[in-house]
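Asks: Here you go, one structure.
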Amino acid sequence: MPVANLAIAAALEEIADRLEIQDANPFRVRAYRNAARTVQSLGRDVQAMAARGETLEGTPGIGADLAQKIAEIATRGSCPMLDRLRGEMPAAITELLQVPGLGPRRVRALWHELDVETPEQVLRAARDGRIRGLHGFGEKTERGIESALAVHLGKERRLALAIAAEYAESLVRHLEGVRGLDHLVVAGSFRRMRETVGDLDVLATGTSGAAVVERFVNHPEVAEVLSRGTTRAGVRLRGGLQVDLRVVPSESFGAALAYFTGSKAHNIALRRLAQERGLKINEYGVFRGGKRIAGDTEESVYRAVGLPWIPPELREDRGELDAARAGTLPRLIELGDLRGDLHVHTDATDGRDSLEAMAVAAQAQGLAYIAITEHSRRQAMAHGLDPARLAQQGTAIDRLNARGPGFRVLKGIEVDILEDGSLDLPDSALAGLDVVVAAVHSQFGLARARQTERILRALDNANVRVLAHPTGRLIGEREPYDVDMPAIVRKARERRVAIELNAHPERLDLIDTHCRLCKDAGVPVAVDSDAHGASDFAFLRYGIGQARRGWLNRDDVLNTRTLPALRAFLERPAATSPGNRTSGKRRA
DNA sequence: GCCGTTTTCGGCCCGACTGTTTTCAGTCG
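Structural data, given as structure tokens:
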């Protein structure tokens, strides 16, 4: 999504937060939250739309009023209502809503009764014992707030999916031995393969909930038990990750799985659909009146409301229910569909393993080909290749391929896009390669227009076949650089260039909504590991998760193609007369 | 604030757990 959309969504969330603290109509609050979500996952740049005088009116959940407010926020960063709300309450107060255990009512009470408005002030009030005296608060609540605030002020709260996966797998192993345990699944955003995970939701079915809960709270990593009942418990692990467990009867497995997989927005939409049919969905099943009519499997739940099963990665209320109803759900790509990997490093530059070791590992992963794409010379710290070393590596690749048929190693490069949009290696060095992957590794802070122009110019070089990690973000570390992604996708279509979905767990760059942008434009996406070591091909699983979240099917992904079909795509258009914009080399 | 072949007003998803309560409000997912 364009960065500006994120800012607009944040402003809408802020309105919702402040309205909530003012005890506004909850459905009005929800309207703002829904609008924020819509703007955030929109493929179009709302700021650019506003500049053209277009609004979002008519988009589901956005009427005349919200459309007008969004346009104003897009133009000047705020709107009169937000200005007014900001004037009526302290600036930092919305941050308190992020603290577990603090909702709008308590935040309002703390602010009005104790005149505290920042996390630090509330923490001090808790430590001074000033909170327990307030109506509706007690000593335990005060201690809960104190400990939640200490965590909140300590560190960021969302973990990369790959890290969460290690905890999830450990928890599953720990619980598997419990007697009477039937199903055991980690649901939630983890199952939806979101790029970061705020907490883990473990769902179990079986005869003895108490036994499962008992085993669960005794996991060696548990630092604190937040709650425990006979069917549900919550803990915080030593690393700070919160894990919630829920145990339901086996006949409710499907309903509970759907329920705890979410997303919340998807569930709300699904239950509304059920309501229209005179049904009620909860975590125990689908009910007509008092009678249970479905719930043992997820399929049965969706069937009850007239829909086919919807893959978890799509459950974000971004049109999947309509698509399911229309029978147009995509047949999502699977890890096994990948035939190759077009972004791989070796120890010739900053990789950890040799060319041969990388080839062996890729083969073990089930791939039929890889492209070796080292950094170019500008990346001095990574020992980037100059033309001579690139040629040397080509010779080594020839030798490897000569050993026999079957697995193939392609010659490539991850060439730097320099600040002016030119490439870090001359065309003469690039022309002989099988695949040229271009990427930005410097000057992340350029203004949007310049950054976009820089990348567009790089794509005009006819040697470039793939644009790698298109926004340069590092999850939780570095923001994406500010680019006009719709413009880049348009250029990629025009130049027949693929766009990479970098599967490295810290990158996962392309994001899901941009995957859909590519899909809709017919621009192939390359799901690549960016492997710097033999074990890194395992990253592909996360790239596939992200691709599925972006609605991609096998045909949308470049490296599902057979080697001959891939080569056909990689082939440079024959040189033609200048000015032909779909083929031919650009003038230098 | 949005939305509507039953409605332009009156709806808007559902349940568990905790703590502070004597029957429930607040929060969370």
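If you count by my numbering, then the first sequence holds residues -5 to 582, one letter each, in order.
C-beta: ideal position from N, C-alpha, C; glycine also.
Note that this is a predicted model, so its numbers are computed, not measured.
Look up tyrosine 278 in the DSSP assignment and say whether it is helix, strand or coil.
Replies: coil
Asks: If we ignore side chains and look at the alpha-carbon of each, how far apart do threonine 576 and glycine 516 end up?
Replies: Residue placement at threonine 576 is poorly supported in this model, since its pLDDT is 40, which falls under 50; the coordinates still yield a value, given next. Approximately 15 Å, taken between the alpha carbons.
Asks: Are there three or more Cβ pairs, one per stretch, closer than 8 Å when the stretch 173 to 191 is compared with the stretch 140 to 149?
Replies: no
Asks: Using CA coordinates, which residue listed in Leu13, Glu14, Pro54 is at the minimum distance from threonine 32?
Replies: Of Leu13, Glu14, Pro54, the residue nearest in Cα terms is Pro54.
Asks: So, helix, strand or coil for leucine 76, using DSSP?
Replies: helix
Asks: Taking the runs of the alpha helix (DSSP H) that are 4 residues or longer, which of them lie wholly in the stretch 284 to 364?
Replies: 292 to 298, 314 to 320, 349 to 358
Asks: So is alanine 433 buried or exposed if we call it buried at 16+ other beta carbons inside 10 Å?
Replies: buried
Asks: Let me know the secondary structure DSSP gives valine 179 once reduced to three states.
Replies: If DSSP states are grouped into helix, strand and coil, valine 179 belongs with the strands.
Asks: Hey, glycine 527 and aspartate 347: beta-carbon distance below 9 Å or not?
Replies: yes
Asks: Checking 9 Å against the spacing of the C-beta atoms, do alanine 362 and valine 460 come in under that value?
Replies: no
Asks: Can you name the residues that DSSP bridges to serine 221?
Replies: Gly228
Asks: Going straight from the alpha carbon of leucine 495 to that of isoleucine 469, what length do you get?
Replies: 14 Å
Asks: Can you tell me whether isoleucine 56 is helix, strand or coil according to DSSP?
Replies: coil
Asks: Using the Cβ count rule (16 or more neighbours within 10 Å means buried), how would you classify lysine 258?
Replies: exposed
Asks: Quick one: using the 10 Å Cβ neighbour count with 16 as the cut-off for buried, is alanine 464 buried or exposed?
Replies: First, the amino acid is wrong: residue 464 is proline here, not alanine. Burial call: buried.
Asks: Do glutamate 500 and alanine 154 have their C-beta atoms within less than 9 Å of each other?
Replies: yes
Asks: Leucine 36 to aspartate 506, Cα distance in whole Å?
Replies: 11 Å
Asks: Measure how close the beta-carbons of valine 429 and glycine 400 come, nearest whole angstrom, since I'm counting them as under 8 Å.
Replies: The Cβ separation is near 19 Å, so there is no contact.
Asks: What alpha helix (DSSP H) runs, 4 residues minimum, are completely inside the stretch 93 to 170?
Replies: 98 to 103, 113 to 121, 133 to 148, 155 to 169
Asks: Candidates Leu349, Arg325, Asn261, Ala356: which alpha carbon is nearest arginine 312's?
Replies: Asn261
Asks: Could you pull the DSSP bridge partners for alanine 4 from this structure?
Replies: Note: alanine 4 is not bridge-paired with any residue in the DSSP secondary-structure output.
Asks: Check each candidate in Gly426, Ser436, Leu427 and name the one with the smallest Cα separation from serine 416.
Replies: Residue Ser436 holds the alpha-carbon nearest to the alpha-carbon of serine 416 among Gly426, Ser436, Leu427.
Asks: For glutamine 583, is the classification buried or exposed, using 16 other Cβ atoms within 10 angstroms of its Cβ as the cut-off for buried?
Replies: Residue numbering for the chain in the displayed model covers -5 to 582; residue 583 lies beyond these limits and cannot be assessed.
Asks: So, helix, strand or coil for glycine 256, using DSSP?
Replies: coil
Asks: Measure the CB-CB distance between isoleucine 493 and cysteine 512 and report whether it falls below 9 Å.
Replies: yes
Asks: From the DSSP output, which residues share a beta bridge with aspartate 238?
Replies: Asp195, Gly228
Asks: Taking one C-beta from the stretch 241 to 260 and one from the stretch 183 to 194 each time, how about it: are there three or more such pairs within less than 8 Å?
Replies: yes
Asks: Using the three-state DSSP reduction, which class does isoleucine 538 fall into: helix, strand or coil?
Replies: helix
Asks: Helix, strand or coil for histidine 369 per DSSP?
Replies: strand
Asks: According to the neighbour-count rule (16 or more other Cβ atoms, all chains shown, within 10 Å of its Cβ), is arginine 306 buried or exposed?
Replies: The question names arginine, but residue 306 in the sequence shown is proline. Under this definition proline 306 is a buried residue.
Asks: How would you label serine 571, buried or exposed, when you count the other beta carbons within 10 angstroms and need 16 or more for buried?
Replies: Interpretation of serine 571 is limited by its pLDDT of 37, a score under 50 that renders its predicted location unreliable; no figure is taken from the coordinates.
Asks: Using alpha carbons as the reference points, say which of Ala351, Glu368, Leu332 lies closest to aspartate 344.
Replies: Glu368
Asks: Compare the C-alpha of glycine 300 against each of Pro381, Pro324, Gly97, Glu270 and name the closest.
Replies: From the listed residues Pro381, Pro324, Gly97, Glu270, the smallest Cα separation to glycine 300 is found for Glu270.
Asks: Ignoring anything shorter than 4 residues, give me the alpha helix (DSSP H) runs that lie fully in the stretch 506 to 555, in order along the chain.
Replies: 506 to 515, 534 to 543
Asks: Which first and last residues belong to the beta strand (DSSP E) in which arginine 459 is found?
Replies: 458 to 461
Asks: Please name the residue in Met83, Asp476, Leu419 whose C-alpha comes closest to that of aspartate 410.
Replies: Leu419
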